[in-house]
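A short write-up of the structure that comes next.
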């Protein structure tokens, strides 16, 4: 593919991606969290305060609210409160919707469009990083996996921070990789700025402050070892300047950290930055020192009376308070749902399971093939070692191999891996033949292909580990969305199979990418509710997950269209998820009426619904403590997207299935 054709192809994919996001933004009603995010974003502009929604840093919502601020959208902050027990951003947002019923849908669409550039940035970075590692075809594959991923399409068209955090985070890691390769002041400066912006999107990214220095240290030691083992005149010159290079690197790392914290504090307008640690009021057990079960009152601070009490905290007040707040919520815990089970607290494997049912099958297969391809071609004896020997580089790994030559375990492992590699070679999974000749490893150090892959996967692994370790509640796959671009880039290494001599092997990555795109677009614009075919499809997603994974209150616009098409569907009862009510959407409904009677065993109550039409969100239906759970036992009379169901309870027959005048297919 020529560079001109490549540029035009990338541009076309991105234009299509932007079009899909823009259309999705106007087809969906405000979801649960957006109500709080938009009011908080406007408070940042109008009040220069950051208390609202401080469980997330403010970058994405500030960008979303910017156009509304500049067109002077009115909002009343009279309900503004700062309490850990109450998230007042939702009350402020709900009040704003009530007073702006004629324009709030337009305003949300504008705010969503303002966030689309974040997703474009993510797509471009996926393309560039994959192209540098595995070639142009891999770049196009990574770009396609990002642009057509249903989870990206679903969340990048909202003003929630997850897609923005994914895009900015992967860009920051890509730029830091550039600094590791070139060690220039320019790349160091860009890395610092982007690290600061990344920290302004999600608290999850804080682990980069430890990961990046560790990666630098590994690369630095690898280079030192290579210099020590080399006898060339160039290596001797490098040894003479070794101390200077360490000093330069440490200076650049210091600059990166300082710039990151400067950008972070600027994002909060330096709100109470460098406040002594002892002046904070914390509510989580971790920072307050409260015992489990302690009643939350005015808060406390475990650092008071210690040596750390007067330590200036180099971050804004609401950055640290936000960390405490989210930790408080995890310690408090909430009911969570997985595979038909609703319980207090979550599961450590929740996000892994959610990825298996909500990522397209084609993408999952590509990731699996990429793992096999990496193991077979980077086992210490294959691809890189052959290239190292060809370049005349004597590695320490060779010496280690010689000392372990007679190790039985090592020998058995080598034989098995060689046999597997030879077997797979028959099917086109060649090692040396599939490596890019113009690949740019990290400064060419031995083992760079191992490091490139580990550096690529480390952020994804870190995110999955951090989020999975918090089991106070599990509601949203979107919490691990920042890991997705790294997985897409890693999966794009399967584009190397296009060089295989076997036609079926060459077709495999093409079929997987095509399958991903077709599967995703088959449910568009209902991308939030996407579930893959192996899980039973989107129509059966409720059997696996709830909340933002399927029903987050996004389909009230479709409900309104259905009501207009069925004027005789009365009395009508609607029970949706979120803070936007049917009345605010201009839908006339009747108050819910039902009767209760003891169950046959006398241990619970059963509900009987009065005759009428019921449109209920699946998040409500799957909750066994919700009265509407009784309706889940019936066959629905229709669907609204994949997030809501329609039931018709007929007169004198509370258990009737209803009339067949509502089509069974999801309303688009």
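Numbering (the working numbering), first residue to last: 2 to 669. Each residue gets a CB set at the ideal place from its N, CA and C atoms; glycine is no exception.
The region 125-134 and the region 33-50 do not touch, with fewer than 3 CB-CB distances between them shorter than 8 Å. DSSP assignment within the region 156-212 yields the following whole alpha helix (DSSP H) runs of 4 residues or more, N-terminal first: 163-183 and 186-200. Under the DSSP assignment, residue 520 falls outside any beta strand (DSSP E), being part of the alpha helix (DSSP H) whose first and last residues are 504-522. Residues of the same chain with a CB within less than 6 Å of the CB of residue 140, apart from the 5 flanking positions on each side, are 128, 131 and 132 in chain order.
According to the DSSP assignment, residue 141 belongs to the alpha helix (DSSP H) that extends over 137-148. Residue pairing of residue 277 in beta bridges, as defined by DSSP: 313. In this structure, 368 is the residue among 300, 368, 49 and 575 with its C-alpha nearest to the C-alpha of residue 143. DSSP places residue 217 in the helix class (H, G or I) of the three-state scheme. Using a Cβ-Cβ distance cut-off of 8 Å, the region 7-17 and the region 104-115 are not in contact, since fewer than three pairs of beta carbons, one from each stretch, lie closer than that value. Pairing residue 282 with residue 332 gives a Cβ-Cβ distance that is not under 7 Å. Here residue 614 has 570, 573 and 649 as same chain residues with Cβ atoms under 6 Å from its own Cβ, once five neighbours each way along the sequence are excluded. Boundaries of the alpha helix (DSSP H) around residue 111: 105-115.
In the DSSP annotation of this structure, residue 359 is not part of any beta strand (DSSP E); the continuous alpha helix (DSSP H) holding it starts and ends at 351-359. Going by beta carbons, residue 336 and residue 345 fall inside the 7 Å limit. Rounded to the nearest angstrom, the Cβ distance from residue 476 to residue 536 is 18 Å, too far for a contact under 8 Å.
In this structure, the alpha-carbon of residue 311 lies about 6 Å from that of residue 279. Sequence-distant partners of residue 145 (beyond 5 residues in either direction) whose C-beta falls short of 8 Å from its own C-beta, in its chain, are 14, 514, 517 and 518.
Between residue 501 and residue 495, the alpha-carbon positions lie close to 11 Å from each other.
For residue 608, the CB contacts under 6 Å within the same chain, skipping 5 residues up- and downstream, are 595, 597, 628 and 631 in chain order.
Put simply, the backbone Cα of residue 461 is about 45 Å away from that of residue 593.
Non-local C-beta neighbours of residue 269 in its own chain, meaning closer than 6 Å and more than five positions away in sequence, comprise 51 and 317, ordered along the chain. For residue 641, the uninterrupted beta strand (DSSP E) segment begins and ends at 639-641. DSSP, reduced to helix, strand and coil, places residue 574 within a strand of the structure shown. Taking residue 221 as reference, the option from 199, 183, 196 and 209 with the minimal CA-CA separation is 183.
Taking C-beta atoms under 8 Å as the contact rule, residue 315 and residue 277 fail to qualify, at a distance of about 12 Å. The count of Cβ pairs closer than 8 Å, one atom from the region 51-62 and one from the region 147-166, reaches three, so the stretches are in contact. Counting only runs that start and end inside the region 35-65, there is no beta strand (DSSP E) element of at least 3 residues. Cα atoms of residue 636 and residue 498: separation of roughly 46 Å, rounded to the nearest angstrom.
A distance below 8 Å between beta-carbons, with the five flanking residues on each side excluded, links residue 353 to the following residues of its chain, in chain order: 465 and 469. Rounded to whole angstroms, the gap between the alpha carbons of residue 620 and residue 483 is 24 Å. Rounded to the nearest angstrom, the Cβ distance from residue 643 to residue 527 is 5 Å, consistent with a contact under 8 Å.
About 6 Å separates the CB atoms of residue 80 and residue 89; that is less than 8 Å, so the two are in contact. Residue 347 is not a Cβ neighbour of residue 56, given a cutoff of 7 Å. Here residue 284 is buried. Its C-beta has 16 or more other C-beta atoms within 10 Å.
Residue 337 sits in a strand when the DSSP states are folded into three classes. Residue pairing from DSSP places residue 609 in a beta bridge opposite 596.
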